[in-house]
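Accompanying notes for the structure given below.
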Amino acid sequence: MCGIFGYVGMKDPVAIAIEGLKKLEYRGYDSAGIAGVKDGKIIDCKEVGKVSILESEVNNIKLQLDVSIAHTRWATHGEPSRINAHPHFDTSHSIALVHNGIIENHGELKKYIINQGITFTSETDTEVIAHLISINYEGDIVKAVQKTVPMLQGAYAIALVHKDHPDLIVAVAHESPMVIGVGVDEAFISSDSQAFAPHTREVVFLSNSEIAVVRANKLEVFNLEMKPVEKALEKLLHGSNDSSKGEFEHFTLKEIFEQPQSIKNAYATRFMQEYGTAYFEGLSDNLQELHPIERILILACGTSWHAGCVAAYMIENMARIPVQVEISSEYRYKNPIVEKNTLVIAISQSGETADTIAAVRELKAAKGAKIFSLCNVQGSTLVRESDYTIFLHAGPEIGVCSTKAFTSQIVILSLFSLQLARMRHMNREQGKDFLEELQKLPDHVKKILGNAEHIQKIAKKYAKYENFFFLGRQYMYPTSLEGALKLKEISYINAVGYPAGEMKHGPIALISSDCPTVALCANERTFKKMKSNLLEVKARKGPIIAIIEEGQEEVTEIVDDVIIIPRTIDPLSTVTTTIVTQLLAYYVALERGEEIDQPRNLAKSVTVE
Ligand code: M6R
Numbered sequence: 000m001c002g003i004f005g006y007v008g009m010k011d012p013v014a015i016a017i018e019g020l021k022k023l024e025y026r027g028y029d030s031a032g033i034a035g036v037k038d039g040k041i042i043d044c045k046e047v048g049k050v051s052i053l054e055s056e057v058n059n060i061k062l063q064l065d066v067s068i069a070h071t072r073w074a075t076h077g078e079p080s081r082i083n084a085h086p087h088f089d090t091s092h093s094i095a096l097v098h099n100g101i102i103e104n105h106g107e108l109k110k111y112i113i114n115q116g117i118t119f120t121s122e123t124d125t126e127v128i129a130h131l132i133s134i135n136y137e138g139d140i141v142k143a144v145q146k147t148v149p150m151l152q153g154a155y156a157i158a159l160v161h162k163d164h165p166d167l168i169v170a171v172a173h174e175s176p177m178v179i180g181v182g183v184d185e186a187f188i189s190s191d192s193q194a195f196a197p198h199t200r201e202v203v204f205l206s207n208s209e210i211a212v213v214r215a216n217k218l219e220v221f222n223l224e225m226k227p228v229e230k231a232l233e234k235l236l237h238g239s240n241d242s243s244k245g246e247f248e249h250f251t252l253k254e255i256f257e258q259p260q261s262i263k264n265a266y267a268t269r270f271m272q273e274y275g276t277a278y279f280e281g282l283s284d285n286l287q288e289l290h291p292i293e294r295i296l297i298l299a300c301g302t303s304w305h306a307g308c309v310a311a312y313m314i315e316n317m318a319r320i321p322v323q324v325e326i327s328s329e330y331r332y333k334n335p336i337v338e339k340n341t342l343v344i345a346i347s348q349s350g351e352t353a354d355t356i357a358a359v360r361e362l363k364a365a366k367g368a369k370i371f372s373l374c375n376v377q378g379s380t381l382v383r384e385s386d387y388t389i390f391l392h393a394g395p396e397i398g399v400c401s402t403k404a405f406t407s408q409i410v411i412l413s414l415f416s417l418q419l420a421r422m423r424h425m426n427r428e429q430g431k432d433f434l435e436e437l438q439k440l441p442d443h444v445k446k447i448l449g450n451a452e453h454i455q456k457i458a459k460k461y462a463k464y465e466n467f468f469f470l471g472r473q474y475m476y477p478t479s480l481e482g483a484l485k486l487k488e489i490s491y492i493n494a495v496g497y498p499a500g501e502m503k504h505g506p507i508a509l510i511s512s513d514c515p516t517v518a519l520c521a522n523e524r525t526f527k528k529m530k531s532n533l534l535e536v537k538a539r540k541g542p543i544i545a546i547i548e549e550g551q552e553e554v555t556e557i558v559d560d561v562i563i564i565p566r567t568i569d570p571l572s573t574v575t576t577t578i579v580t581q582l583l584a585y586y587v588a589l590e591r592g593e594e595i596d597q598p599r600n601l602a603k604s605v606t607v608e
């Protein structure tokens, strides 16, 4: 799981590659490397840690290359180390190669290569590819790659340079993204077009098993039979490029504070107040697509899966359509039963999550399913493979922990639930009421953000604890999962989200004065029951921080600390409550001195299964 970049052209291939790698760090940041050809030799530089460390080193050694390939890594095979960092090489150091993905049969291939008398230098699966290409090389690098690709199993995108071919990069994609940017007398290769978007917006996306030969002024693409493939040039849409922290200490905090605007962006132009319903361009004019729907299947991972869980409550309550929510990596191996008239919705901030993409591909191939997606990134793999996409319009989310994308997902899913409900039995007045509540959210969120100092004080008080429960009922149950994930991810604290009513069936055994509970009380329908559950926690000496809505002050006598949020309707309370849990996680991590924007062991986009 990694980011790949390459440059061939008249500008400085080292500086451009470093700039590109920085934009790819969301795909991994445990080590980085660059290589290329200079004076008929392969030269490289690799460092453990972030791209900025590699940048210092290439400046230090004044690295110069005629053509470059570069890589930022998230370790799958072998620890983060200089040896395991990409690029990898063949024994004669004629080939340098970078790779994103996993070679599933690398064990067998390694045995085959060792039997040829070759010694490995790294623990990676990638190194096998460099050796295989070298074994298959008889003077024509493209033919060597063509002979090697059928030997590889798994998902991979690779790019390589050869010392005897200093004017070109060879790139291959198979179930992993690879996009080529075509400029004037220059060309780029990357896992993500955003990495070279400042230089060119003319792109070619490689399809499975296509081999691209990329020169500064010529792009050729071949299939595995070495037949030329005609590829159409596509134009990238202009997205927001604001990727600075502004006045904030971290991207995560900036993105939390952007939510009054990102929430507005998510619903603006997507509703018709007068008719009390939602409006999605390209979909609402073809409502016959939605009429036959009898069930909905939602696929997602991580925070996006939590959004899917909230959506299940919304759609079932409001539109009375049964919803199944699945974690993509589990769903793939279930031998799924997909009944007729099932709408499949894939949710992903990045659109590059390998598990979700794999599940979607399988559903399309085996069941002929149509795919609706919710995504934040234009041109991403999921978007290109979906039949219809609703964009989050949240702007770039740089912090590894997903914040504003989640609340945008909830807002859009609430509008989608409204649309389905209005097509069935919800009347216009009820629809209008719902929309009024929705449009109050940005102000509610501003008010909560205005209370950040109080939340920070509470965070400081509790930052020393090593175990937390997040409890909630109904909408607050998936909200508790999301709150706990935020705390785990950036504070490295063990936090568990749990349905409050389920505590007495086992986990209450863990409650003690050492284990605080964050009580998510906002769901009005289950408030009384939640209060009883909190009394059960208190009876066992568990400290409680309660997030309550205005009007729920009666719990203050039970709990230790309270955060009051504005009142909204139950389906939208996930948004208001989540702003608090995001701030809580942020300030706890800050207090503990943890790395917030790029927490250890993680990557923003999980591009391997
Ligand atoms: O890009 P996606 O929404 O598909 O990503 C899914 C998860 O990897 C992601 O939400 C992850 O759980 C976040 N780091 C959570 O903050």
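Quick note: the sequence shown uses numbering that gives the first Met the number 0, first residue 0, plus one each step. Glycine is no exception: its CB is placed at the ideal position from the N, C-alpha and C atoms.
Residue i: CB within 7 Å of a non-hydrogen atom of ligand 1
{"i": "residue 488", "result": "yes"}
C-alpha distance - residue i paired with residue j, whole-angstrom precision
{"i": "residue 249", "j": "residue 102", "result": "36 Å"}
{"i": "residue 396", "j": "residue 502", "result": "34 Å"}
{"i": "residue 625", "j": "residue 70", "result": "Limits of the chain in this structure are 0 at one end and 608 at the other, which puts residue 625 out of reach."}
{"i": "residue 134", "j": "residue 118", "result": "13 Å"}
{"i": "residue 557", "j": "residue 533", "result": "7 Å"}
{"i": "residue 500", "j": "residue 535", "result": "10 Å"}
{"i": "residue 337", "j": "residue 152", "result": "28 Å"}
{"i": "residue 580", "j": "residue 457", "result": "12 Å"}
{"i": "residue 1", "j": "residue 84", "result": "11 Å"}
{"i": "residue 610", "j": "residue 559", "result": "It is not possible to answer for residue 610, since the shown part of the chain is limited to 0 through 608."}
{"i": "residue 599", "j": "residue 78", "result": "13 Å"}
{"i": "residue 51", "j": "residue 551", "result": "49 Å"}
{"i": "residue 32", "j": "residue 175", "result": "20 Å"}
{"i": "residue 227", "j": "residue 212", "result": "11 Å"}
{"i": "residue 261", "j": "residue 163", "result": "50 Å"}
{"i": "residue 90", "j": "residue 601", "result": "32 Å"}
{"i": "residue 684", "j": "residue 520", "result": "In the structure displayed, the chain extends from 0 to 608; residue 684 sits before or after that span and is not available."}
{"i": "residue 483", "j": "residue 585", "result": "12 Å"}
{"i": "residue 486", "j": "residue 16", "result": "34 Å"}
{"i": "residue 452", "j": "residue 63", "result": "49 Å"}
{"i": "residue 67", "j": "residue 595", "result": "31 Å"}
{"i": "residue 609", "j": "residue 592", "result": "Absent from the model: residue 609. The displayed extent of the chain is 0 to 608, so no value can be given."}
{"i": "residue 94", "j": "residue 512", "result": "60 Å"}
{"i": "residue 610", "j": "residue 577", "result": "This structure gives no information on residue 610, because the portion of the chain shown stretches from 0 to 608."}
{"i": "residue 372", "j": "residue 409", "result": "13 Å"}
Coarse secondary structure for residue i, derived from DSSP in three states
{"i": "residue 30", "result": "strand"}
{"i": "residue 256", "result": "helix"}
{"i": "residue 35", "result": "strand"}
{"i": "residue 612", "result": "There is no way to answer for residue 612, as the model of the chain reaches only from 0 to 608."}
{"i": "residue 100", "result": "strand"}
{"i": "residue 284", "result": "helix"}
{"i": "residue 180", "result": "strand"}
{"i": "residue 354", "result": "helix"}
{"i": "residue 263", "result": "helix"}
{"i": "residue 133", "result": "helix"}
{"i": "residue 542", "result": "coil"}
{"i": "residue 233", "result": "strand"}
{"i": "residue 383", "result": "helix"}
{"i": "residue 214", "result": "strand"}
{"i": "residue 504", "result": "helix"}
{"i": "residue 279", "result": "coil"}
Ligand 2 heavy atom lying under 7 Å from the CB of residue i
{"i": "residue 506", "result": "This structure lacks ligand 2; its bound ligands are ligand 1."}
Cβ of residue i within 8 Å of any chain C Cβ
{"i": "residue 593", "result": "Annotation note: the requested chain C is absent from the structure, which comprises a single protein chain."}
Inset, instruction - Let me have the residue list for ligand 1: C-beta closer than 5 Å to any non-hydrogen atom, ordered along the chain. - result: 300, 301, 302, 303, 347, 348, 349, 352, 400, 401, 605
Legend entry - Length at least 3, wholly inside the segment 287-317: the beta strand (DSSP E) runs in chain order: 294-299
Inset, instruction - Jot down the residue ranges of each uninterrupted alpha helix (DSSP H) in the segment 407-495, minimum 4 residues, whole runs only, in chain order. - result: 427-448, 451-461, 475-490
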